[in-house]
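Have a look at the structure below, then the notes.
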Amino acid sequence: MQTAQLASGPRLLDAQEFQIARDAQMNHGSLDKVAVTLGFSSEESAVKALAATLGLDFVDLSTIEPDLSVLDKFPVKLIHRYGVFPIRRSEGSLVVVTGNPFDLHALDAVSAAAGCSVIPMVALPWEVAKLVKSHLGVGAETIDGLIANSEADNDGVEVLDELEWDRSEASQMAQQASVVHLVNEILCEAVEARASDIHLESQAAGVKIRYRIDGVLQTQPMPPEINRFQAAIISRLKIMAKMNIAEKRIPQDGRIKLKVSRREVDIRVSVIPMLHGESIVMRVLDKDAMQFSLRGIGMDQDIYERFNRVIRLPHGIVLVTGPTGSGKTTTLYSALAEIKDEETKIITTEDPIEYQLDGINQIQVHAKVGMTFAASLRAILRHDPDVVLVGEIRDQETAENAIQASLTGHLVFSTLHTNDAAGAFMRLVDMGVEPFLVSSTIEGVMAQRLVRTLCKACCAPYEPHAEEIPADFPMDEVRASGAPLYRNVGCRACRGTGYSGRVGLYEFLEANDELRQLVSERLPSNVIKRAGIKAGMRTLRQDGWLRVQRGQTTLAEVLRVTKAD
Numbered sequence: 063m064q065t066a067q068l069a070s071g072p073r074l075l076d077a078q079e080f081q082i083a084r085d086a087q088m089n090h091g092s093l094d095k096v097a098v099t100l101g102f103s104s105e106e107s108a109v110k111a112l113a114a115t116l117g118l119d120f121v122d123l124s125t126i127e128p129d130l131s132v133l134d135k136f137p138v139k140l141i142h143r144y145g146v147f148p149i150r151r152s153e154g155s156l157v158v159v160t161g162n163p164f165d166l167h168a169l170d171a172v173s174a175a176a177g178c179s180v181i182p183m184v185a186l187p188w189e190v191a192k193l194v195k196s197h198l199g200v201g202a203e204t205i206d207g208l209i210a211n212s213e214a215d216n217d218g219v220e221v222l223d224e225l226e227w228d229r230s231e232a233s234q235m236a237q238q239a240s241v242v243h244l245v246n247e248i249l250c251e252a253v254e255a256r257a258s259d260i261h262l263e264s265q266a267a268g269v270k271i272r273y274r275i276d277g278v279l280q281t282q283p284m285p286p287e288i289n290r291f292q293a294a295i296i297s298r299l300k301i302m303a304k305m306n307i308a309e310k311r312i313p314q315d316g317r318i319k320l321k322v323s324r325r326e327v328d329i330r331v332s333v334i335p336m337l338h339g340e341s342i343v344m345r346v347l348d349k350d351a352m353q354f355s356l357r358g359i360g361m362d363q364d365i366y367e368r369f370n371r372v373i374r375l376p377h378g379i380v381l382v383t384g385p386t387g388s389g390k391t392t393t394l395y396s397a398l399a400e401i402k403d404e405e406t407k408i409i410t411t412e413d414p415i416e417y418q419l420d421g422i423n424q425i426q427v428h429a430k431v432g433m434t435f436a437a438s439l440r441a442i443l444r445h446d447p448d449v450v451l452v453g454e455i456r457d458q459e460t461a462e463n464a465i466q467a468s469l470t471g472h473l474v475f476s477t478l479h480t481n482d483a484a485g486a487f488m489r490l491v492d493m494g495v496e497p498f499l500v501s502s503t504i505e506g507v508m509a510q511r512l513v514r515t516l517c518k519a520c521c522a523p524y525e526p527h528a529e530e531i532p533a534d535f536p537m538d539e540v541r542a543s544g545a546p547l548y549r550n551v552g553c554r555a556c557r558g559t560g561y562s563g564r565v566g567l568y569e570f571l572e573a574n575d576e577l578r579q580l581v582s583e584r585l586p587s588n589v590i591k592r593a594g595i596k597a598g599m600r601t602l603r604q605d606g607w608l609r610v611q612r613g614q615t616t617l618a619e620v621l622r623v624t625k626a627d
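First residue of the sequence shown? That's 63 in the numbering used here, and the numbers climb one at a time after it.
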């Protein structure tokens, strides 16, 4: 097979390859499925070769900034209909980027609408779609009414529960195809972006949408016309979560079970009335993305070995502490997965149950009917468990019941909201539990935080300025080792943030005789912390500096989630 070759640049496609590429573009809208067939390692290489064969320029959209002034007089509906985007004007012509250079009808339509000749450039189709969303907003095509048809439900989103409708105006609005498509697009975009939470906030200027990605909120661009769909969007989500759409005065909670792009996703929904209308926060629980394994959550070997030893004790209390969203539940589930076997009866009481675990009996707390953590824990102990997980110790009654459970031969796991591991002991004492009971039952406390990890595709070594280096950072060790520090840069793969994924920082305090004596004497947590460090405990801050030295994260990330010891 003969293939032409440019002097410098991608090879050209021969007639047979060209026909394969054309069929793929016209039928599937991309070359990702035929790139290997054409002899390329990636879709990008194939698209570059196609562009060269057609005599067109290929453009990496992550490296350019479009001239948005050309959008003012450009028909937005053409952007959505044909998948093109105007970049700039050049000598009386309009430069547009397209993901499908074979669609000559699109280029003719754009030329006619713009009243000038068109210079096409080729880009990856998904990059063109991303460019449209970043400048026109999620759901902009729906606003233009281009997707208002009966097929709007098939966006790769399938609601697994039966939806119930009534004859109210709000219910009828929520059933409109354009509203269904818009909500589905918001959910799809969040799952694809690995968002843990979706925030729909009602403000004076209209609705605002933000995704929490890797622990940080990122505002999503939205077309201003979406504001007139605000009520319908909220009604649609409330119906999906089986809430009362007529009730707008009190908070409501619900749950949505979906399949998004063939992945099963649970979404926990909270609606709260605010000053300018109802606001919604949705916690996205992607079952397929979660793997509960102590080895997989990023503990160092020494911490893993000590924690693994404690979770296999016959009785006692093991606590995991940290703020909301610090990965406490994941650590506890991973611990249960580690010790689960046919000879061990494990029962949990949670509010809410975030993930359903095979081989473990899980109870949902319902405080309104008296099914509190304390009440469910009393009932669990009559169910002959070996291991008990209490979602959170919030009050004296729950704390005392957990301690009684440990004293009667059960291993109890739970969480507390404290700043560090040492603070957990005095937190229980402050709740009203006797210090001698706290000291004799707690076997270990794990404090943790999550930091964003550097994107491997774009992180770069650098030498930090003196004012950037915290006083407690071991810079002398770094210089002695010769290993570089890295900073976040930002690229297409990480959505321009420089970070991709998260890793845990861990501080594990294992109880010993000296520590138990300090707790019994009601000594403050800073004294307990010093005793823990003396016994070999690595603090959250120290664990963070270790991650920085290994090139996993940045100084700024550790400073964001920890304070100096």
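Using N, Cα and C, we set each Cβ at its ideal position, and we do this for glycine too. Computed from a prediction, not measured in an experiment: that's the story for all the values here.
Buried versus exposed, by CB contacts within 10 Å (16 or more), residue i
i	result
A294	buried
R290	exposed
N211	Note that N211 scores a pLDDT of 40, beneath 50, so its modelled location is shaky; the value from the coordinates is reported in the next line. Its Cβ having fewer than 16 others within 10 Å, N211 is exposed.
G207	In this predicted model, G207 has a pLDDT of only 48, less than 50, meaning its place in the structure is not dependable; the value taken from the coordinates is given anyway. By the neighbour-count rule (16 or more Cβ atoms within 10 Å), G207 is not buried but exposed.
R298	buried
Q95	A quick correction: the sequence has Lys, not Gln, at residue 95. Per the 10 Å Cβ criterion, exposed.
P182	buried
F498	exposed
H243	buried
C178	exposed
L279	exposed
Limits of the unbroken beta strand (DSSP E) element including residue i
i	result
A108	Note, A108: premise wrong, no beta strand (DSSP E); alpha helix (DSSP H) at E105 to L116.
G613	From DSSP, G613 is part of no beta strand (DSSP E); its letter is neither H nor E.
K349	No beta strand (DSSP E) contains K349, which DSSP labels as neither H nor E.
L123	Looking at the DSSP string, L123 is not in any beta strand (DSSP E), and its letter there is neither H nor E.
F535	Careful: F535 lies outside any beta strand (DSSP E) and carries neither H nor E.
Y548	L547 to R549
T411	I408 to E412
K631	Given a span of 63 to 627 for the chain in the structure shown, any question on residue 631 remains unanswerable.
Cα-Cα separation, residue i to residue j
i	j	result
R600	P385	19 Å
Y524	G544	12 Å
A486	P586	11 Å
H527	Q292	47 Å
T411	S438	7 Å
K518	F164	35 Å
P536	Q614	16 Å
I149	K195	15 Å
R628	E105	Since the first residue of the chain shown is 63 and the last is 627, residue 628 is not available in this structure.
L394	R592	26 Å
P335	I307	12 Å
A114	R274	40 Å
V98	G277	36 Å
P376	T406	11 Å
V610	A483	22 Å
F147	H90	19 Å
K349	K430	28 Å
I141	E127	17 Å
P137	D259	34 Å
E530	K135	46 Å
Proximity to residue i [Cα-Cα], best of the options
i	options	result
K310	N246, R368 and H338	H338
R317	Q510, K304 and C178	K304
R325	S258, G558, C250 and I365	C250
T559	G598, P532 and E619	E619
A522	F369, Y561, D534 and I504	Y561
A266	S323, E340 and V333	E340
K390	S476, A77, Q579 and L186	S476
V219	V322, M433, V331 and A111	V322
F120	V109, E462 and S388	V109
R456	L262, R444, F435 and D448	F435
G471	D315, L186 and I379	I379
A573	W607, E505, R541 and D315	E505
D627	A111, G594 and P187	G594
Range of the contiguous alpha helix (DSSP H) that encloses residue i
i	result
N89	A77 to H90
K430	Counting along the chain, K430 falls outside any alpha helix (DSSP H), and DSSP gives it neither H nor E.
V589	S587 to K596
K300	Q292 to M302
I365	Q363 to V372
I260	Run containing I260: none in the alpha helix (DSSP H); it sits in the beta strand (DSSP E), A257 to Q265.
Quick test of the definition: if touching needs 3 or more C-beta pairs under 8 Å, does the stretch 507-521 touch the stretch 568-579? yes
Three or more C-beta pairs below 8 Å linking the stretch 149-159 and the stretch 178-197: yes
Three or more C-beta pairs under 8 Å: does that hold for the stretch 278-289 against the stretch 365-385? no
Please confirm if the stretch 354-361 is in contact with the stretch 395-402, defined as three or more CB-CB distances below 8 Å between the two stretches. yes
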